[in-house]
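**Q** Dropping a structure here in structure tokens format, bear with me for questions.
There are 2 protein chains.
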Amino acid sequence: MQGAVLYGARDIRFEDRADPTIVEPTDAIISLPVTCICGSDLWPYRGVSPFPAGTPMGHEYCGYVEEVGRDVTSVKRGQFVIGSFFASDNTCPHCHHGFQSSCVHKTAVGGAQAPRLRVPLADGTLVATRDMPDVDHIPSMLALSDVMGTGWFAADAANVKPGSTVVVVGDGAVGLLGVLSAKQIGAERIIAMSRHEARQKLAREFGATDIVTERGDEGVERIKQLTNGVGADSVLECVGTQESMMQAIKSTRPGGSVGYVGVPHGVTLDGADLFFRHVRLLGGPAPVRRYLPQLIDLVFAGKINPGKVFDLVLPLDQVAEGYRAMDERRAIKTLLRPSGN
Amino acid sequence: MQGAVLYGARDIRFEDRADPTIVEPTDAIISLPVTCICGSDLWPYRGVSPFPAGTPMGHEYCGYVEEVGRDVTSVKRGQFVIGSFFASDNTCPHCHHGFQSSCVHKTAVGGAQAPRLRVPLADGTLVATRDMPDVDHIPSMLALSDVMGTGWFAADAANVKPGSTVVVVGDGAVGLLGVLSAKQIGAERIIAMSRHEARQKLAREFGATDIVTERGDEGVERIKQLTNGVGADSVLECVGTQESMMQAIKSTRPGGSVGYVGVPHGVTLDGADLFFRHVRLLGGPAPVRRYLPQLIDLVFAGKINPGKVFDLVLPLDQVAEGYRAMDERRAIKTLLRPSGN
Numbered sequence: 014m015q016g017a018v019l020y021g022a023r024d025i026r027f028e029d030r031a032d033p034t035i036v037e038p039t040d041a042i043i044s045l046p047v048t049c050i051c052g053s054d055l056w057p058y059r060g061v062s063p064f065p066a067g068t069p070m071g072h073e074y075c076g077y078v079e080e081v082g083r084d085v086t087s088v089k090r091g092q093f094v095i096g097s098f099f100a101s102d103n104t105c106p107h108c109h110h111g112f113q114s115s116c117v118h119k120t121a122v123g124g125a126q127a128p129r130l131r132v133p134l135a136d137g138t139l140v141a142t143r144d145m146p147d148v149d150h151i152p153s154m155l156a157l158s159d160v161m162g163t164g165w166f167a168a169d170a171a172n173v174k175p176g177s178t179v180v181v182v183g184d185g186a187v188g189l190l191g192v193l194s195a196k197q198i199g200a201e202r203i204i205a206m207s208r209h210e211a212r213q214k215l216a217r218e219f220g221a222t223d224i225v226t227e228r229g230d231e232g233v234e235r236i237k238q239l240t241n242g243v244g245a246d247s248v249l250e251c252v253g254t255q256e257s258m259m260q261a262i263k264s265t266r267p268g269g270s271v272g273y274v275g276v277p278h279g280v281t282l283d284g285a286d287l288f289f290r291h292v293r294l295l296g297g298p299a300p301v302r303r304y305l306p307q308l309i310d311l312v313f314a315g316k317i318n319p320g321k322v323f324d325l326v327l328p329l330d331q332v333a334e335g336y337r338a339m340d341e342r343r344a345i346k347t348l349l350r351p352s353g354n
Numbered sequence: 014m015q016g017a018v019l020y021g022a023r024d025i026r027f028e029d030r031a032d033p034t035i036v037e038p039t040d041a042i043i044s045l046p047v048t049c050i051c052g053s054d055l056w057p058y059r060g061v062s063p064f065p066a067g068t069p070m071g072h073e074y075c076g077y078v079e080e081v082g083r084d085v086t087s088v089k090r091g092q093f094v095i096g097s098f099f100a101s102d103n104t105c106p107h108c109h110h111g112f113q114s115s116c117v118h119k120t121a122v123g124g125a126q127a128p129r130l131r132v133p134l135a136d137g138t139l140v141a142t143r144d145m146p147d148v149d150h151i152p153s154m155l156a157l158s159d160v161m162g163t164g165w166f167a168a169d170a171a172n173v174k175p176g177s178t179v180v181v182v183g184d185g186a187v188g189l190l191g192v193l194s195a196k197q198i199g200a201e202r203i204i205a206m207s208r209h210e211a212r213q214k215l216a217r218e219f220g221a222t223d224i225v226t227e228r229g230d231e232g233v234e235r236i237k238q239l240t241n242g243v244g245a246d247s248v249l250e251c252v253g254t255q256e257s258m259m260q261a262i263k264s265t266r267p268g269g270s271v272g273y274v275g276v277p278h279g280v281t282l283d284g285a286d287l288f289f290r291h292v293r294l295l296g297g298p299a300p301v302r303r304y305l306p307q308l309i310d311l312v313f314a315g316k317i318n319p320g321k322v323f324d325l326v327l328p329l330d331q332v333a334e335g336y337r338a339m340d341e342r343r344a345i346k347t348l349l350r351p352s353g354n
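Here it is in structure tokens:
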């Protein structure tokens, strides 16, 4: 098969890769009707995060089970399944507490920008849908694998409740789906911070009631104005820089919560500053597995449509253009179609 | 009247001070049957935190209302009242959310190591008891004003629930009362970190099931051993140093919570480290006011006895010895009795 492999900064290639095979008896092989590029793929693509040259890319996936190892019991050939970027056993104490992305046996899933994928710990990782999704639902199912699950975790970690006032920092796919999550949970007011017209539009479509274009302390000042000087109950941090993190913390009212899902790059927090702000913090790699059954139901019921974040669709062999479009912010998120699947 | 005034590092004097008077119409003057020294008084006493020379000391108080300003309606002369170290209006949005120590009108209360005290914002700050407490209950009522309320907030912020596994970092009065709070809330296992025999004994009396004497990474290792490698659901950080904060964070399981109430001194947190640990953080000056009604009831009902942390009782004019005993860790907490009250 052919898939996307990263060799260096901005050097992504579509090339021959070995077909995946069952390695462990707990593995499954799935075929991917669609795949995609994640905002977090841009960290290595831009040379910000180190990686070994020749890394197969892609960690978001859904598709049809082709083959399972002999120990796999919960999914079977032909089913449509979705999993998370971290494989997890779903039985360890951390999984039982709903933090499957800290599973004691967690394994990063990689190489999903391809027609087929090996998924380790298939029983713990994969969730099969009750029915086959319509072709129109498949992009939304794919979004559940990471960006939607991550947006939902951000809202959950930020303690969004019905009636909450919410701020979302970051207008990438995760931030936009954080807006959608907050809306679905019942937030009354959702303030999206964005200075990009197409993203503002999608944020409004997903439920944002206000848009703030200012950033940093000016952005914080604007949030304070919009909330009668109080600050927000819940702030979703979906970027991962020092500026965005402080923007999130300072926009939160005392006793409010920040859910941070942007992977922190060079972020440092001052203990005393945090102490006197009375802000609750929870972040980390989203435990997408916890939310998958609920989110799958919401997609089938037509209550959420996270696939709308895909505003560029390309054949998989044009994956390099998909990265370029996201790198240059011409696309929010690129959907890729393997040929023949 | 005469009270305690701090002039420089380890230079605490018992000397004449002006009698407090009603300054604002929202003030109350209370007479103090007992007063005490806080662990946090040791920061300026040791010269670690800056302060103006000639600072009247003491911020923990309960006592009898002597006089109220013309706008005070909720307490009256003769009542027994308890308040927090931060006066608060109890009506602003932050107070409504239960974070009175971030009240928009908050004012630090000071000078309580004296026979009488002016309390600002009396209506919002003071809680009157329904009945007059017995003399035996008065030390426990005094403890509610700060250390017990702070220990309770630490447990609440750390999300302690019935059945939880809890670790308490710090064996000062707040840490010990964190143990008592966790026990009262229904924690199943409470691991106190202490290497001081008298404090270990009181921790056990308050409900600790295990004592860990190791510190730092060795202490974390011991917590992991005691929890089957999982870590604790809830950790109460009651010190405020970099070492104690990291000890708390590393002792927490993924998805667990740290409640930190030790005022951070030189504490810095790495965003990426915190992210991958999946640890929820909430700290700050305790909103004692929120908990006072409930804690007063628990003292009257004989369910908690936080006054046990006072292991040294001195007349107020020996306040300097009270500080020395705490500074040298000869005493957990010093109760002071003003003469004639």
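The listed protein sequences derive, respectively, from chains A and B. End of the first sequence sits at 354 in the numbering used here; the numbers just go up one at a time, nothing left out. End of the second sequence sits at 354 in the numbering used here; the numbers just go up one at a time, nothing left out. Glycine included, every Cβ here is placed at the ideal spot set by N, Cα and C. The structure displayed is predicted, hence computed values, not measured ones.
Which term fits M154(A), buried or exposed, when burial requires 16 or more other beta carbons within 10 angstroms of its beta carbon?
**A** Position 141 of the first sequence, counting from 1, holds the residue named residue 154(A). The residue in question, M154(A), is buried, as its Cβ has 16 or more Cβ neighbours within 10 Å.
**Q** Start and end of the beta strand (DSSP E) containing T265(B)?
**A** Taking the second sequence and counting its residues from 1, one reaches residue 265(B) at position 252. Segment 265-273, the beta strand (DSSP E) holding T265(B).
**Q** If we call anything under 8 angstroms between Cβ atoms a contact, is S207(A) one with A200(A)?
**A** In the first sequence, residue 207(A) corresponds to position 194, counting from 1. In the first sequence, residue 200(A) corresponds to position 187, counting from 1. It is not a contact, given that the beta carbons lie outside the stated cut-off.
**Q** Give every residue of the same chain whose Cβ lies closer than 6 angstroms to the Cβ of C108(A), excluding the five residues on either side of it in the sequence, and list them in chain order.
**A** As a working note, residue 108(A) is residue 95 in the first sequence. Answer for C108(A): S101, C116, listed in chain order.
**Q** With a threshold of 8 angstroms between beta-carbons, can L139(A) be considered close to chain B, or not?
**A** Position 126 of the first sequence, counted from the start, is the residue given in the question as residue 139(A). Cβ-Cβ to chain B under 8 angstroms: no for L139(A).
**Q** Just to confirm before moving on: does the CB-CB distance between L249(A) and G335(A) stay below 8 angstroms?
**A** Position 236 of the first sequence, counted from the first residue, corresponds to residue 249(A). Position 322 of the first sequence, counted from the first residue, corresponds to residue 335(A). Result no, Cβ atoms of L249(A) and G335(A) do not sit closer than 8 angstroms.
**Q** Could you pull the start and end residues of the beta strand (DSSP E) that C75(B) belongs to?
**A** On the second sequence, residue 75(B) is found 62 positions in, with the first residue counted as 1. Counting along the chain, the beta strand (DSSP E) containing C75(B) begins and ends at 75-81.
**Q** Taking C-alpha atoms, which residue in T86(A), R59(A), R83(A), S53(A) lies nearest to E73(A)?
**A** On the first sequence, position 60 is the one that residue 73(A) refers to. It is S53(A).
**Q** Report the option in V192(B), T265(B), V179(B), P146(B) whose CA atom is closest to the CA atom of V160(B).
**A** Working through the second sequence from its first residue, we reach residue 160(B) at position 147. Out of V192(B), T265(B), V179(B), P146(B), V192(B) has the C-alpha closest to the C-alpha of V160(B).
**Q** Return the bridge partner residues of C116(B) from the DSSP annotation.
**A** The residue you call residue 116(B) lines up with position 103 of the second sequence. Paired residues: none, contrary to the question.
**Q** Determine, using beta carbons only, whether M258(A) comes closer than 8 angstroms to chain B.
**A** Counting from one through the first sequence, the residue named residue 258(A) turns up at place 245. So, interface residue.
**Q** How about G111(A): is its C-beta nearer than 8 angstroms to some C-beta of chain B?
**A** Translated into positions along the first sequence, residue 111(A) becomes position 98. With 8 angstroms as the cut-off, G111(A) counts as an interface residue toward chain B.
**Q** Out of curiosity, what's the CA-to-CA distance linking V132(A) and R212(A)?
**A** The sequence position of residue 132(A) within the first sequence is 119, counting from 1. The sequence position of residue 212(A) within the first sequence is 199, counting from 1. For V132(A) and R212(A), the distance between alpha carbons rounds to 33 angstroms.
**Q** Kindly indicate if chain A contains any beta-carbon less than 8 angstroms away from that of H72(B).
**A** Position 59 of the second sequence, counting from 1, holds the residue named residue 72(B). H72(B) does not count as touching chain A.
**Q** Please classify Q238(A) as buried or exposed, where buried requires at least 16 neighbouring CB atoms within 10 angstroms.
**A** The residue given as residue 238(A) occupies position 225 in the first sequence. Exposed: under 16 other Cβ atoms inside 10 Å.
**Q** Keeping to the same chain, check which residues put their C-beta closer than 8 angstroms to that of G183(A); ignore five residues upstream and five downstream.
**A** To locate residue 183(A), count along the first sequence from 1; it is residue 170. Once the five neighbours on either side are set aside, the close Cβ partners of G183(A) are G191, M206, L249, E250, C251, V252, S257, G275.
**Q** Would you give the residue range spanned by the beta strand (DSSP E) that Q15(A) belongs to?
**A** Taking the first residue of the first sequence as 1, we reach residue 15(A) at position 2. First-last of the beta strand (DSSP E) with Q15(A): 15-21.
**Q** Assign N241(A) to buried or exposed, taking buried as 16 or more other Cβ atoms, counted over all protein chains shown, within 10 Å of its Cβ.
**A** Against the first sequence, residue 241(A) aligns to sequence position 228. Exposed, by the Cβ-count rule.
**Q** Taking just the CA atoms, how far does V292(A) sit from I262(A)?
**A** One-based indexing of the first sequence puts residue 262(A) at position 249. One-based indexing of the first sequence puts residue 292(A) at position 279. Taking the straight line from one Cα to the other gives about 7 angstroms.
**Q** Quick one: is R293(A) near chain B, going by C-beta distance under 8 angstroms?
**A** Locating residue 293(A) in the first sequence gives position 280, counting from the first residue. R293(A) counts as touching chain B.
**Q** Fully enclosed by the segment 298-345 of chain B, which alpha helix (DSSP H) runs are 4 residues long or longer?
**A** The segment 298-345 of chain B contains these whole alpha helix (DSSP H) runs: 301-313, 332-340.
**Q** Return helix, strand or coil for E201(A), following the three-state DSSP convention.
**A** Locating residue 201(A) in the first sequence gives position 188, where the first residue counts as 1. In the structure shown, E201(A) sits in coil (DSSP, three-state: anything other than H, G, I, E or B).
**Q** Within the segment 17-69 of chain A, note down every full alpha helix (DSSP H) run reaching 4 residues or more, in order along the chain.
**A** As far as the segment 17-69 of chain A is concerned, its whole alpha helix (DSSP H) runs of at least 4 residues are 55-58.
**Q** According to DSSP, which residues form a beta bridge with D283(A)?
**A** Counting from one through the first sequence, the residue named residue 283(A) turns up at place 270. DSSP lists T281(B) as partners of D283(A).
**Q** Once you ignore the five residues that flank G176(B) on each side, which residues in its own chain have a CB closer than 8 angstroms to its CB?
**A** Within the second sequence, numbered from 1, the residue matching residue 176(B) stands at position 163. Once the five neighbours on either side are set aside, the close Cβ partners of G176(B) are G199, A200, E201.
**Q** Please confirm if T281(A) has its CB atom under 8 angstroms from at least one CB of chain B.
**A** Residue mapping note: residue 281(A) aligns to position 268 of the first sequence, counting from 1. It does; some Cβ of chain B falls within 8 angstroms.
**Q** Please go through the same chain and pick out, in chain order, the residues whose beta-carbon is closer than 7 angstroms to the beta-carbon of N318(A), but skip the five residues on each side of it.
**A** Indexing the first sequence from 1 puts residue 318(A) at position 305. Excluding positions up to five away in sequence, the list reads S153.
**Q** Taking only beta-carbon positions, decide if R266(A) is within less than 8 angstroms of chain B.
**A** On the first sequence, residue 266(A) is found 253 positions in, with the first residue counted as 1. At least one chain B Cβ lies under 8 angstroms of R266(A).
**Q** Tell me which residues share the same chain as I151(B) and place their Cβ nearer than 8 angstroms to its Cβ, disregarding the 5 neighbours each side in the sequence.
**A** Here residue 151(B) corresponds to residue number 138 of the second sequence, with the count starting at 1. Contacts found: P46, V47, C75, G320.
**Q** Considering only the alpha carbon of each residue, which of G21(B), C49(B), S114(B), P33(B) lies closest to T68(B)?
**A** By one-based count along the second sequence, residue 68(B) stands at place 55. Among G21(B), C49(B), S114(B), P33(B), the Cα nearest to that of T68(B) is on G21(B).
**Q** Are any of the Cβ atoms in chain B nearer than 8 angstroms to that of A285(A)?
**A** For the purposes of this step, residue 285(A) is taken as the residue at position 272 of the first sequence. For A285(A), the answer is yes, since a Cβ of chain B falls inside 8 angstroms of its Cβ.
**Q** Rounded to a whole number of angstroms, what is the C-alpha to C-alpha distance between A344(B) and C51(B)?
**A** As a position in the second sequence, residue 344(B) is number 331, starting the count at 1. As a position in the second sequence, residue 51(B) is number 38, starting the count at 1. Their Cα atoms are separated by approximately 11 angstroms.
**Q** Taking only beta-carbon positions, decide if P57(A) is within less than 8 angstroms of chain B.
**A** Indexing the first sequence from 1 puts residue 57(A) at position 44. So, not an interface residue.
**Q** If I measure Cβ to Cβ from G279(B) and keep anything under 8 angstroms in the same chain, skipping five residues before and after, which residues do I get?
**A** For the purposes of this step, residue 279(B) is taken as residue 266 along the second sequence, with counting starting at 1. Taken in chain order, the residues that qualify are T254, Q255.
**Q** Under the criterion of a Cβ to heavy atom distance below 7 angstroms, does V18(B) qualify as lining the ligand ADP?
**A** Among the components of this structure there are no ligands whatsoever, and the ligand ADP is therefore not found.
**Q** Along the chain, where does the beta strand (DSSP E) that runs through V182(A) open and close?
**A** Position 169 of the first sequence, counting from 1, holds the residue named residue 182(A). 178-182 is the span of the beta strand (DSSP E), which, as asked, contains V182(A).
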